[in-house]
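Accompanying notes for the structure given below.
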Amino acid sequence: MWRKNFVKMNKQKKISSFFETKPTSTIKRSATNQTENTVPCSKQAKVESPNKENCAPSIQYKQQIGSSWKQALGNEFVKPYYVKLQSFVETERKSRTIYPPPNDVFSWTQHCSIQDVKVVILGQDPYHGQKQAHGLCFSVQNGVQSPPSLVNIFKELEKDINGFQTPPHGNLTVWAKQGVLLLNAVLTVQASNANSHKDKGWEKFTDAVISYLNKNCTGLVFMLWGSYAQKKGAKINAKSHLVLKAVHPSPLSAYRGFFGCKHFSKANEYLKKHGKDPIQWGSL
1 MWRKNFVKMN KQKKISSFFE TKPTSTIKRS ATNQTENTVP CSKQAKVESP
51 NKENCAPSIQ YKQQIGSSWK QALGNEFVKP YYVKLQSFVE TERKSRTIYP
101 PPNDVFSWTQ HCSIQDVKVV ILGQDPYHGQ KQAHGLCFSV QNGVQSPPSL
151 VNIFKELEKD INGFQTPPHG NLTVWAKQGV LLLNAVLTVQ ASNANSHKDK
201 GWEKFTDAVI SYLNKNCTGL VFMLWGSYAQ KKGAKINAKS HLVLKAVHPS
251 PLSAYRGFFG CKHFSKANEY LKKHGKDPIQ WGSL
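In terms of UniProt numbering, the sequence shown is residues 1 to 284.
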């Protein structure tokens, strides 16, 4: 009797096992997940970003900052506002075109060390046109037409600096390499949408940059053009630095005091008095 029952149970087991779902290999599933999470950057760009330049994650910005600047500003990178800011920019790049490209956001720290800064020119936010912004305020990449404000800067230089000739381009990198810090208050922007990254945290970060220079350097020249820049530089110590103010070089205001301000020659005179080499403004 027991033998008959055993045979019956064994047959039932074989029949039922036929309908069971075979388990998937754990190793293969793991390998598949790993592959999905390591999609090459070029493939991510096709799916997530309308601009190939946006591929590099903004969370890696710290790696692109000049070493002297990174050392001086190190505490800023771990503060909650900055972590939140970088998360915001990274998210923006996944669905929108953001300027400048990731590798250029901190280009202003790569051309000279923080100890070699001589002149600080403050801007507001990057140009929002295609291939314009590259991390230096008022400057544009080679091959791009100079914007109206930069054209007016060149006009003032022609009157202020003997021998200056307006260059056929608007790239001011040569100035940056001489110690001219071309700093925007906001370091990123959506394409075709001015001030789109305003009040996201960049202002606090660039305030920290200005504060460091103000407190730890002497004999700097700050050029503050327009009410926005003047408000941002309100705490600069005029006893330790030369603070030059004028209206913005925009065509809307340049004729109300920017033309004729002679900031560039005044800056060089001040630098010489403090034992520093003047800026070769015409070396563009």
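Backbone N, C-alpha and C fix where the C-beta goes; we use that ideal spot for every residue, glycine too.
For clarity, every value in this text was computed on a predicted model and none was experimentally measured.
For the candidate residues Gly170, Gln110, Tyr228, Thr173, whose alpha-carbon lies nearest to that of Trp69?
The option with the nearest alpha carbon to Trp69 is Gln110.
Between the alpha carbons of Tyr212 and Ala238, how many angstroms are there, rounded?
Approximately 15 Å between the Cα atoms of the pair.
Restricting to runs no shorter than 3 residues, where is the beta strand (DSSP E) found entirely within the region 120–185?
Counting whole runs of 3 or more residues, the region 120–185 contains the beta strand (DSSP E) stretches 180–184.
Buried or exposed: Lys118, going by 16 or more other Cβ atoms within 10 Å of its Cβ?
Lys118 should be labelled buried.
Got a sec? Which residues, its chain only, sit under 6 Å from Lys131 by beta carbon, not counting five neighbours each side?
So the list reads Gln141, Val144, once near-sequence residues are dropped.
Gln165: which of Leu224, Ala246, Lys155 sits nearest, CA to CA?
Selected option, being the one with the closest Cα: Lys155.
My understanding is that Ala191 touches Tyr99, with C-beta atoms under 8 Å, so please give their C-beta distance in whole angstroms.
That belief holds up - the Cβ atoms of Ala191 and Tyr99 are roughly 6 Å apart, short of 8 Å.
Buried or exposed for Gln71, please, with buried defined as at least 16 other CB atoms from any protein chain shown within 10 angstroms of its CB.
Per the 10 Å Cβ criterion, exposed.
Under a three-way DSSP split, which group does Leu242 fall into?
DSSP places Leu242 in strand when its eight states are reduced to three.
Rounded C-beta distance between Phe88 and Lys200? I'm assuming under 8 Å.
Contact flag correct, Cβ pair sits at about 5 Å.
Quick one, are the C-beta atoms of His274 and Phe258 less than 8 Å apart?
Not closer than 8 Å, so no.
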